[in-house]
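Numbering (this note's numbering), first residue to last: 4 to 241.
Each residue gets a CB set at the ideal place from its N, CA and C atoms; glycine is no exception.
Working notes for the structure below.
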């Protein structure tokens, strides 16, 4: 589709002028071999196809312009949002009330369910809040308390795999962002948390490495697992 050389806008001029009454008149009055003009008809049909392609391109362009304008309007409306006038101190109180436990699940690969990013974030309210906008992120990162509430469900029977890094790094980020704030831990262990030579799995080892900061602990596991954990050096700090 040709564009205007000065403004860059659409300069599309239809090739075909629709003359429905004239065509209807010819269909009614003309007949016989002399009325058939295949070259002329074929030329008009080709131009119609080109016009239709140009119309489709223009519809697509206008649709994109409409979406861009709607997005711009939404951004302008957001500037008038009452929430933008809420002081940071009150905003942080709201964040604290909204952020309960941030949940992590470690299960065998065959037991993992496909999960969208939004679903994965929903179990970690601190991550949700810090992902909204730059202001919310700044406030969330300045609040160690909302990163200090960690729930870990363990039901992993096999050894350390690269896939575990998907959980290791977020958990490590939470421990880092909680700074030195006392931790609230919910730990549910439904499988043997050890790997070769009865070493504690690196994920749990990392969490137990912060045992000196544990303020509240809810711990569920089998008696067999608990007795083994008691023999770990990290447990002597409890």
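**Asked** Run through DSSP, which three-state label would residue 189 get?
**Response** Counting from 1 along the chain shown, the entry for residue 189 is found at position 186. Three-state DSSP puts residue 189 in a strand.
**Request:** Would you identify the three-state DSSP class for residue 91, choosing helix, strand or coil?
**Result:** Here residue 91 refers to the residue found at position 88 of the chain shown. Taken through DSSP and simplified to helix, strand or coil, residue 91 comes out as helix.
**Message:** Helix, strand or coil for residue 216? Go by DSSP, reduced to three states.
**Reply:** On the chain shown, position 213 is the one that residue 216 refers to. The answer is helix: DSSP assigns residue 216 an H, G or I state.
**Prompt:** When we look at the beta-carbon of residue 233 and count the other beta-carbons within 10 Å, is it buried (16 or more) or exposed?
**Reply:** Translated into positions along the chain shown, residue 233 becomes position 230. The residue in question, residue 233, is exposed, as its Cβ has fewer than 16 Cβ neighbours within 10 Å.
**Request:** Compare the C-alpha of residue 183 against each of 228, 85, 213, 172 and name the closest.
**Result:** Sequence index remark: in the chain shown, residue 183 carries index 180 (1-based). Closest by alpha carbon: 213.
**Asked** Would residue 223 be called buried (16 or more neighbouring beta carbons within 10 Å of its own) or exposed?
**Response** Here residue 223 refers to the residue found at position 220 of the chain shown. So residue 223 counts as exposed.
**Message:** Is the separation between the beta-carbon of residue 188 and that of residue 217 shorter than 8 angstroms?
**Reply:** The residue labelled residue 188 in the question sits at position 185 within the chain shown. The residue labelled residue 217 in the question sits at position 214 within the chain shown. Yes.
**Cβ-Cβ separation, residue 105 to residue 154 (assumed contact under 8 angstroms), whole Å** = The residue you call residue 154 lines up with position 151 of the chain shown. The residue you call residue 105 lines up with position 102 of the chain shown. Going by Cβ atoms, the distance from residue 154 to residue 105 rounds to 7 angstroms, so yes, they are a contact pair.
**Request:** Quick one: grab the DSSP three-state call for residue 142.
**Result:** Here residue 142 is taken as the residue at index 139 of the chain shown, counted from 1. Here residue 142 sits in helix by DSSP.
**Request:** Pick out whichever of 93, 92, 186, 17 has its Cα sitting closest to the Cα of residue 147.
**Result:** Translated into positions along the chain shown, residue 147 becomes position 144. Answer by Cα proximity: 186.
**Prompt:** Grouping DSSP H, G and I as helix and E and B as strand, with all else coil, what is residue 176?
**Reply:** On the chain shown, position 173 is the one that residue 176 refers to. If DSSP states are grouped into helix, strand and coil, residue 176 belongs with the helices.
**Prompt:** Going by DSSP, which residues form a beta bridge with residue 109?
**Reply:** As a working note, residue 109 is residue 106 in the chain shown. Paired residues: 157.
**Prompt:** Which value, in whole angstroms, describes the spacing of the CA atoms of residue 118 and residue 21?
**Reply:** Residue numbering aside, residue 118 sits at position 115 when the chain shown is read from its first letter. Residue numbering aside, residue 21 sits at position 18 when the chain shown is read from its first letter. Any reading at residue 118 is ruled out, since the residue's pLDDT is 49, under 50, leaving its predicted position unreliable.
**Asked** Would the region 123-143 and the region 85-104 be scored as touching if the rule is three or more Cβ pairs under 8 angstroms?
**Response** yes
**Message:** On the criterion of 16 or more Cβ atoms from any shown chain inside 10 Å, does residue 80 qualify as buried, or is it exposed?
**Reply:** Start at 1 with the first residue of the chain shown, and residue 80 comes out as number 77. By the C-beta density criterion, residue 80 is exposed, having fewer than 16 other C-beta atoms within 10 angstroms.
**Item:** Run of the alpha helix (DSSP H) containing residue 41, from where it starts to where it stops
**Value:** On the chain shown, position 38 is the one that residue 41 refers to. It spans 41-82 - the alpha helix (DSSP H) in which residue 41 sits, taken as one unbroken run.
**Asked** Do residue 170 and residue 109 have their CB atoms nearer than 8 angstroms?
**Response** The sequence position of residue 170 within the chain shown is 167, counting from 1. The sequence position of residue 109 within the chain shown is 106, counting from 1. Taking 8 angstroms as the Cβ cut-off, residue 170 and residue 109 qualify as a contacting pair.
**Message:** For residue 221 and residue 159, what's the separation of their Cα atoms in angstroms?
**Reply:** Translated into positions along the chain shown, residue 221 becomes position 218. Translated into positions along the chain shown, residue 159 becomes position 156. C-alpha separation (whole angstroms): 19 angstroms.
**Item:** Assigned exposure category for residue 180 - 16 Cβ within 10 Å defines buried
**Value:** Mapped onto the chain shown, residue 180 falls at position 177. Buried, by the Cβ-count rule.
**residue 104, enclosing alpha helix (DSSP H) - first and last residue** = As a first step, residue 104 is located in the chain shown; it is residue number 101 there, counting from the start. Looking at the DSSP string, residue 104 is not in any alpha helix (DSSP H), and its letter there is neither H nor E.
**Request:** State the start and end residues of the unbroken alpha helix (DSSP H) segment that holds residue 133.
**Result:** The count along the chain shown starts at 1 and reaches residue 133 at position 130. For residue 133, the enclosing alpha helix (DSSP H) starts and ends at 128-133.
**Request:** Give me whichever residues DSSP pairs with residue 222 in a beta bridge.
**Result:** As a working mapping, residue 222 is identified with position 219 in the chain shown. Paired residue(s): 190.
**Message:** On a Cα-Cα basis, can you pick out the residue from 205, 135, 18, 206 that is closest to residue 56?
**Reply:** One-based indexing of the chain shown puts residue 56 at position 53. For the residues 205, 135, 18, 206, the minimum Cα distance to residue 56 belongs to 18.
**Asked** Mind checking residue 93: buried by the 16 CB within 10 Å criterion, or exposed?
**Response** Start at 1 with the first residue of the chain shown, and residue 93 comes out as number 90. It is exposed - the Cβ of residue 93 has fewer than 16 other Cβ atoms within 10 Å.
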